[in-house]
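Chains as they are written, first to last, in my numbering: chain A, 1192 to 1351; chain B, 1192 to 1351.
Every residue, glycine too, gets a C-beta built ideally from N, C-alpha and C.
Below you'll find the structure, written out as structure tokens, and then a few comments.
Number of protein chains: 2
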Amino acid sequence: MHNVVRVSASSSSRDAVGIREVSERTGLSIDTLRWYERAGLLPDIDRGTDGRRRYSPLAIGFVRLVQVLRRTGMPVAEVRKFVQLGTVGLEHHRSRVALLEEHAAALEERMAQLRADHATVQAEIAHYRDLIARGVDFSAELAEQDVRGDAPAAWRRVSS
Amino acid sequence: MHNVVRVSASSSSRDAVGIREVSERTGLSIDTLRWYERAGLLPDIDRGTDGRRRYSPLAIGFVRLVQVLRRTGMPVAEVRKFVQLGTVGLEHHRSRVALLEEHAAALEERMAQLRADHATVQAEIAHYRDLIARGVDFSAELAEQDVRGDAPAAWRRVSS
DNA sequence: ACTTGCGCTGGAGTGCGCTCCAGCTCCTAG
DNA sequence: CTAGGAGCTGGAGCGCACTCCAGCGCAAGT
């Protein structure tokens, strides 16, 4: 993890890499990288004399940021909004912060939901483990219910 | 396909509710509920004499479980696998546990990733806040870099 | 000079997971 | 008896986010 990003005058072209390497380093497919650019999720990437893309370290950083936003479920349209605020301007900085804060809040909600859902799955596992341990299959379980007059633990838990 | 889980006549029909109420209680649309059933993500739901669906409390519990699995990103095909193991059988209990454990493990990974990504977004916010506080726009920031010889915090953080 | 390989573009195609709809049946209220 | 409303079915349609492809250009190796 040695990413000494040196950005001195000439570095942006010296350290620039081709699309293949960016793909390998990010895990995004080459097609996806091109698609993101066309779709306005990335700024226009520099080209070499042969017309091929050359990703500067800064550009790669940008790609990674977009990757994080997408991976966390930000819709393409919103990423585009974020990107198209451009790279300059105090006012735009404020808009960007607002957008990111909204997203961060959504993420917190999703994390809470995910924790709860994970617990539900775990409980479900425990429930089946219990049935197995007791050598009980579902029909036997149903019979138990009729006697006890309530639903199995798992079903109760997931009910409102 | 009649693998309907029949509980003692009394409890299942007494507390059963219509599709509208299930929709309201779960937040899944009526269309989605029907689609899930057709797609094999739910067992066949009991019908009233008029042919309408009557969801027993047990069925509703099942719906909620499927909802959790879907919400946590389990693909429809896998939920179907889970469901089609049927409601009976010790061996099937084992398969279900295996499936759920795999899913739970995936969830843990996703939670870790999500935490990391959330931190990245937070750092990005902090970065822009800093720029604003210092009254610096991005072009000025780039100039700074040339002098300092390093990239903005945000870009560094998101690099591998 | 030619072949091999990578990358380019614009556009078509794909997979997933719903969502919408037409045309029907059944109940209930007036 | 009629009208309205909910629910039913099978199937078509849709939005999203890629993914694939044909046909081309450049550049290095043989």
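The C-alpha of Met-1265 (chain B) lies about 29 Å from the C-alpha of Leu-1290 (chain A). The beta carbon of Leu-1219 (chain A) sits closer than 8 Å to those of Val-1213, Tyr-1227, Val-1254, Gln-1258, all from its chain and outside the five residues before and after it, given in chain order. Nearest CB-CB separation between Glu-1315 (chain A) and chain B: below the 7 Å threshold. In this structure, Ile-1210 (chain B) sits near Ile-1221 (chain B), with a CB-CB distance shorter than 7 Å. Per the Cβ contact rule, the stretch 1293-1309 of chain A is in contact with the stretch 1295-1304 of chain B (3 or more Cβ pairs under 8 Å). Annotation: Cβ neighbours of Asp-1308 (chain A) in chain B (cutoff 7 Å, chain order): Val-1259, Arg-1262, Thr-1263.
Contact between Ser-1286 (chain A) and Leu-1298 (chain A) does not hold, since the beta-carbon distance rounds to 19 Å and is not under 8 Å.
Among the bridge pairs identified by DSSP, Arg-1238 (chain A) is matched with A:Arg-1244.
Residue state for Val-1213 (chain A) is assigned as helix, using DSSP reduced to three classes. DSSP places Val-1327 (chain B) outside both helix and strand once states are collapsed to three, so it counts as coil. Listed as beta-bridge partners of Val-1208 (chain A) by DSSP are A:Tyr-1246. Between the alpha carbons of Arg-1320 (chain B) and Thr-1278 (chain B) lies a gap of roughly 55 Å. Between Ala-1295 (chain B) and chain A, the shortest Cβ-Cβ separation is below 7 Å. Taking Val-1274 (chain A) as reference, the option from A:Ser-1204, A:Pro-1248, A:Leu-1232 with the minimal CA-CA separation is A:Leu-1232. Contact of Glu-1292 (chain B) with chain A by beta-carbon distance below 7 Å involves Ile-1316.
The closest CA to that of Gly-1280 (chain B), considering only A:Ala-1324, A:His-1283, A:Arg-1244, A:Ala-1310, is found on A:Ala-1324.
Taking a beta-carbon distance threshold of 7 Å, Thr-1311 (chain B) counts as an interface residue toward chain A.
Interface flag for Tyr-1319 (chain A) against chain B is set, since a Cβ pair is found closer than 7 Å.
Gly-1231 (chain A) sits in coil when the DSSP states are folded into three classes, being neither helix nor strand. Residue-level contact by beta carbon holds for Leu-1298 (chain A) and chain B, with a gap shorter than 7 Å. Between Ala-1314 (chain B) and Val-1312 (chain A), the C-beta spacing is not below 7 Å. Contact with chain A is absent for Arg-1245 (chain B), since none of that chain's Cβ atoms lies less than 7 Å from the residue's Cβ.
Distance between Thr-1263 (chain A) and Glu-1292 (chain B), taken at the CA atoms: about 23 Å.
When the beta-carbon positions are compared, Val-1270 (chain B) and Leu-1260 (chain B) come within less than 7 Å of each other. Around Val-1327 (chain A), the same chain offers no residue with a beta carbon nearer than 6 Å, after the five sequence neighbours per side are excluded. About 4 Å separates the beta carbons of Arg-1245 (chain A) and Ala-1207 (chain A), which is inside the 8 Å limit, making them a contact pair. By the neighbour-count criterion, in which 16 or more other beta carbons inside 10 Å mark a residue as buried, Asp-1308 (chain A) falls on the buried side. Assigned with DSSP and collapsed to three states, Ser-1286 (chain B) falls in helix.
Neighbours of Val-1208 (chain B) in chain A, taken as residues whose beta carbon is under 7 Å from its own, are absent, since the nearest beta carbon is some 12 Å off.
Among the CB atoms of chain B, none fall inside 7 Å of the CB of Val-1213 (chain A).
The continuous alpha helix (DSSP H) containing Val-1270 (chain A) extends over residues 1267-1275.
By the Cβ neighbour-count rule, Ser-1247 (chain A) is buried, with 16 or more other Cβ atoms within 10 Å of its own.
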